[in-house]
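Asker:
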Amino acid sequence: TDGAANENHVAAGGIIRDNHGYWVSGFCRFLGKTNSLTAELWALRDGLKLALEMGLTPIEVESDALTLVHMVLNNCNDQHHFSNVVHDCRFLLDSLGSPTVKHIFREANQSADALANYGLLMMDENFHVFSYPPSPFISQMVMYDAMGILYPRTILY
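Numbering-wise, the sequence shown is residues 243 to 399 according to the working numbering.
1. Just list the beta strand (DSSP E) runs in the region 337 to 389, keeping only unbroken ones of 3 residues or longer that don't cross its boundaries, in chain order.
2. Apart from the five residues just before and just after Cys-331, which ones in its own chain have a Cβ nearer than 8 Å to its Cβ?
3. For Met-383, count neighbouring Cβ atoms within 10 angstroms of its own Cβ and tell me buried if that reaches 16, exposed if not.
4. Where do the N-terminal and C-terminal ends of the alpha helix (DSSP H) with Glu-295 fall, by residue?
5. Per the DSSP calculation, Ser-305 is bridged to which residue(s)?
6. I'd like to know whether the C-beta atoms of Gly-256 and Pro-300 end up nearer to each other than 8 Å.
7. Going by the beta-carbon positions, is the gap between Phe-434 and Asp-387 smaller than 8 Å?
8. I'd like to check one pair, Gly-390 with Phe-272: are the Cβ atoms closer than 8 Å?
9. Phe-272 bridges to which residues according to DSSP?
10. Taking Cβ positions, are Leu-334 and Leu-279 nearer each other than 8 Å?
Structure (structure tokens):
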């Protein structure tokens with residue numbers, strides 16, 4: 243999962259892959275004016291909810307947001323600004339059999355980043371689920387990720 247931000251708005255997105263790294267489903271959501279940690283949390287929540295609805299177990303969760311990983315794995319004060327979304331994520335994790343949640347480097351999270359950025363372009367606050375990559379750019383990026391090759395980041399989207 244990943245969040246994306248431009249100068250005024252944020253969005254959330256992510257990808258569900260099979261055990262070989264290939265596309266199963268993707269998603270994104272435009273969130274409007276908020277902060278990047280909110281986008282990261284919503285991306286995780288949306289991805290967990292989608293995995294639960296699809297009946298996918300066991301799963302492994304990856305995020306390039308180290309703060310998010312720490313918040314979900316450690317105690318979060320109930321008075322904390324993000325406590326409701328964090329509690330939702332923990333409930334969903336428990337419902338999915340308490341999968342591993344781990345931090346990955348940004349370079350390994352390019353497909354999720356592309357989907358979050360796609361949410362910025364859509365500027366539509368609905369939750370969008372994609373059975374197939376929504377653009378040729380994202381499709382090619384998923385292929386590179388599955389092969390373990392870093393995608394050239396010279397393309398602007």
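Note that beta-carbon positions come from the ideal geometry of N, C-alpha and C, so glycine has one too.
Answerer: In short, the structure shows the following:
1. 342 to 345, 369 to 372
2. Leu-283, Leu-286, Arg-287, Leu-290, Val-314
3. buried
4. 278 to 295
5. His-345
6. no
7. Nothing about residue 434 can be reported from this structure: the residues present for the chain run from 243 to 399 only.
8. no
9. Ala-253
10. no
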